[in-house]
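Novice:
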Amino acid sequence: MATYTFNVTMTCTGCSGAVERALKRLGGINKLDISLEKQTVVVETDHSLETVFETIKKTGKAVTVAS
């Protein structure tokens with residue numbers, strides 16, 4: 001299991017909700033922490049980094065992998 005942190009541009013609760021819905025549809029998410037204030041998404045999952053990244057990207061939000 002891996003934990004990934006992403007910087008995601010979210011301007012409102014609708015944005016964070018869209019990211020949350022997309023990741024829940026993906027399934028296999030053990031822990032999900034979305035912070036609108038910090039503009040971060042932390043995901044604990046068995047999926048690859050690329051899979052999670054692409055799922056978030058499909059929401060139309062600007063996303064980068066946090067260093």
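Going by full-length UniProt numbering, the residue at position 17 of the sequence shown is 17; the numbering climbs one at a time, nothing skipped.
Yeah, the Cβ is synthetic: ideal placement off N, Cα and C, and Gly gets one too.
Let me make sure I understand the geometry here. Which of Thr51, Tyr4, Val63 and Ala62 has the alpha-carbon closest to that of lysine 31?
Specialist: In the sequence shown, residue 31 corresponds to position 31, counting from 1. Selected option, being the one with the closest Cα: Tyr4.
Novice: Taking all protein chains shown into account, decide if valine 65 is buried (16 or more other Cβ within 10 angstroms of its Cβ) or exposed.
Specialist: In the sequence shown, counting from the first residue as 1, residue 65 sits at position 65. Exposed, because fewer than 16 other Cβ atoms sit within 10 Å of the Cβ of valine 65.
Novice: Which residue's Cα is closest to the Cα of isoleucine 34: Gly17, His47, Leu49 and Asp46?
Specialist: If you number the sequence shown from 1, residue 34 lands on position 34. Ranking Gly17, His47, Leu49 and Asp46 by Cα distance to isoleucine 34 puts Gly17 first.
Novice: Measuring only the C-alpha atoms, how far is methionine 1 from glutamate 50?
Specialist: The residue labelled residue 1 in the question sits at position 1 within the sequence shown. The residue labelled residue 50 in the question sits at position 50 within the sequence shown. C-alpha separation (whole angstroms): 14 Å.
Novice: Can you tell me whether serine 35 is helix, strand or coil according to DSSP?
Specialist: The count along the sequence shown starts at 1 and reaches residue 35 at position 35. In this structure, serine 35 counts as strand in the three-state DSSP scheme.
Novice: Could you tell me if threonine 45 is buried or exposed, where buried requires 16 or more neighbouring beta carbons within 10 angstroms of its beta carbon?
Specialist: Taking the sequence shown and counting its residues from 1, the one referred to as residue 45 is at position 45. Threonine 45 is buried by the Cβ-count criterion.
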